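Using our numbering, the letters of the sequence shown map in sequence onto residues -15 to 290. Backbone N, C-alpha and C define an ideal beta-carbon position, used for all residues, glycine too. Everything numeric in this text was worked out from a predicted model, so none of it was measured.
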Amino acid sequence: MVSRKVSFVSKETPCAGLFYESTFSCSSKGSDATNSSRQACIVMAHGFAGIKEMRLQAYAHQFSQAGYHVLMFDYRHFGESEGEPRQLLDIEKQHEDWRAAIAYARSIDGVDPNKIIIWGSSFSGGHVLKIAAEDKSIAAVISQVPHFSGLASGLSGGILHAAKLTVAGVIDQVGALCGLSPYYIDAIGMPGDLAVMNSEGEYQGYMSLLPSEHPYRNEVAARVCLQAVRYSPGKYLKKIVAPVLVQVGLNDKTTPPAATLRACSKNKHVITKQYHFGHFDVYVDPGFEITIKDQIEFLGGEFGGK
-15 MVSRKVSFVS KETPCAGLFY ESTFSCSSKG SDATNSSRQA CIVMAHGFAG IKEMRLQAYA
45 HQFSQAGYHV LMFDYRHFGE SEGEPRQLLD IEKQHEDWRA AIAYARSIDG VDPNKIIIWG
105 SSFSGGHVLK IAAEDKSIAA VISQVPHFSG LASGLSGGIL HAAKLTVAGV IDQVGALCGL
165 SPYYIDAIGM PGDLAVMNSE GEYQGYMSLL PSEHPYRNEV AARVCLQAVR YSPGKYLKKI
225 VAPVLVQVGL NDKTTPPAAT LRACSKNKHV ITKQYHFGHF DVYVDPGFEI TIKDQIEFLG
285 GEFGGK
C-alpha cells in the first residue's frame, strides 16, 4: 500500500493528512489526466477526539486494495495538525476542516473530483451528513456507528452525568471568555468518571485503538459538551442526494442506536445495516472485517473501485 504525508490549509491553519493511492491507479496521471482516467477518493476523519492513527489505516488499506484513493486527516487542534489551544473540539471548525479536506482531495492528481466519497465514524459519522447535505456533488456517504442525536448521546451516561458535563462545559466556556486556558476533561473514561464518554465497557474498546507509536492525549476542552448536546446531524439525511450507508451497532452505548434507526426509517434512500456490536467493536476484528466488507459492497465499484 503506497501512502504519503500531505497537508492542506483550513482557515489559515495547516492540517496533516495521509494519502493512500489505489493499488491499481491508472497509468494516466498529472494535470493532463482526464476525469474518465481518474479514480474515486474516499475522504476520512476520526470520531470524537480521535486521531487518524487510531485504526483508520486499516480501512485505508482495504479501500486502497478495492481500487480507491484515500485521504485521511487530523482535525485542527488534534494529532499532527496545527491549531492552538490543543484538544479544542469545535463542531463548526471541524466542518470547515471537512470542506478544506474535500477541496484538497479534488485537487490531487489522479483523483476524479466528481467521485468524492466521505466516510465518518462516531462523531464524524454525523459530520459527513452535514457536509453531504450542503455539497450536492458528493458521490456517496458512509456513516459508521454515527452520532445522530445530541440528546440521545448526551444522556447515554445518565442524567447526572449529563449535568456534570454541562457544568464542566460552562466552566470552560466562561474561562475562555476570560482568556484562560481550557478546562480539560477526559474524552473517554470508566463509568462514574468525569469523561465525555463513560458508558460501561466502552473504555477498553477505545483504549485498544490507541497507537503505541503516536502520542495521544485523552482529554478535550470541556466547552464542547455545550455544543454536542445540541448537535443532531441526523436531521440532514433528508437533504442528501448521494447514496448513504449507515451502519448501526445495536449494542452501542455511546451513540444509542434507537435515535439513529428512527432517523434512517424516515429516509428510504438510506441503506441501513445493523450489527450486534458495541460502539468500538467495528474497528477491530471480527467487527471490522464484517463492516468494511459491507462498506466496499455498498460502493460496489460504481465510483471507480474494482
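1) Using CA coordinates, which residue listed in 5, 63, 45 is at the minimum distance from residue 33?
2) Hey, residue 31 and residue 105 are a contact pair by Cβ (cut 8 Å); roughly how many whole angstroms apart?
3) Which value, in whole angstroms, describes the spacing of the CA atoms of residue 254 and residue 67?
4) Among the candidates 230, 261, 46, whose CA atom is the shortest distance from the CA of residue 7?
5) When the distance is taken between beta carbons, is residue 214 closer than 7 Å to residue 110?
6) State whether the segment 196 to 214 contacts the segment 154 to 161, with contact taken as three or more CB pairs (one from each stretch) at a distance under 8 Å.
7) What is the DSSP secondary structure of residue 268, reduced to helix, strand or coil?
8) What does a CB cutoff of less than 8 Å around residue 222 pick up in its chain, not counting 5 residues either side in sequence?
9) Go ahead and label residue 120 buried or exposed: buried means 16 or more other beta carbons lie within 10 angstroms of its beta carbon, across all protein chains shown.
10) Taking the DSSP output, what are the residues bridged to residue 103?
11) When burial is assigned at 16 or more other CB atoms within 10 Å of the CB, is residue 234 buried or exposed?
12) Taking residue 147 as the reference, give the member of 193, 43, 186, 209 with the closest Cα.
13) Using the Cβ count rule (16 or more neighbours within 10 Å means buried), how would you classify residue 188?
14) Residues bridged to residue 181 by DSSP?
15) Please state the DSSP three-state secondary structure of residue 53.
16) From residue 13 to residue 21, what distance separates their C-alpha atoms?
17) Given residue 276, which residues of its chain have a CB within under 7 Å of its CB, disregarding the five upstream and five downstream residues?
18) Any idea what DSSP makes of residue 200, helix, strand or coil?
19) Report all residues from its chain with a CB closer than 7 Å to the CB of residue 267; omit the five preceding and five following residues, and keep chain order.
By the coordinates alone:
1) When only C-alpha atoms are compared, the closest one is 63.
2) Between residue 31 and residue 105, the beta carbon gap of about 5 Å places them in contact (Cβ cut-off 8 Å).
3) Inter-residue distance for residue 254 and residue 67 is about 35 Å (C-alpha atoms, whole angstroms).
4) Residue 46 is the option with its Cα nearest to residue 7.
5) Note that the C-beta distance between residue 110 and residue 214 is not below 7 Å.
6) Contact holds: three or more Cβ-Cβ distances are below 8 Å.
7) Three-state result, residue 268: coil.
8) By the criterion of a C-beta distance shorter than 8 Å, residue 222 is surrounded in its chain by 250, 251, once the five residues flanking it on both sides are discounted.
9) The residue is exposed, with fewer than 16 neighbouring Cβ atoms inside 10 Å.
10) Residue pairing for residue 103: DSSP places it in a beta bridge opposite 28, 126.
11) Burial check for residue 234: the Cβ neighbour count within 10 Å stays below 16, so the residue is exposed.
12) When the alpha-carbon of residue 147 is set against those of 193, 43, 186, 209, the nearest one is in 209.
13) Burial check for residue 188: the Cβ neighbour count within 10 Å stays below 16, so the residue is exposed.
14) 172.
15) Per DSSP, reduced to three states, the secondary structure at residue 53 is strand.
16) Below a pLDDT of 50, predicted positions are generally treated as unreliable, and residue 13, at 46, falls in that range; the measurement from the model is reported next regardless. Between residue 13 and residue 21, the C-alpha separation is close to 8 Å.
17) Taken in chain order, the residues that qualify are 43, 46.
18) Residue state, collapsed to three classes: coil.
19) Closer than 7 Å at the Cβ level, and outside the excluded window around residue 267, lie 39, 193.
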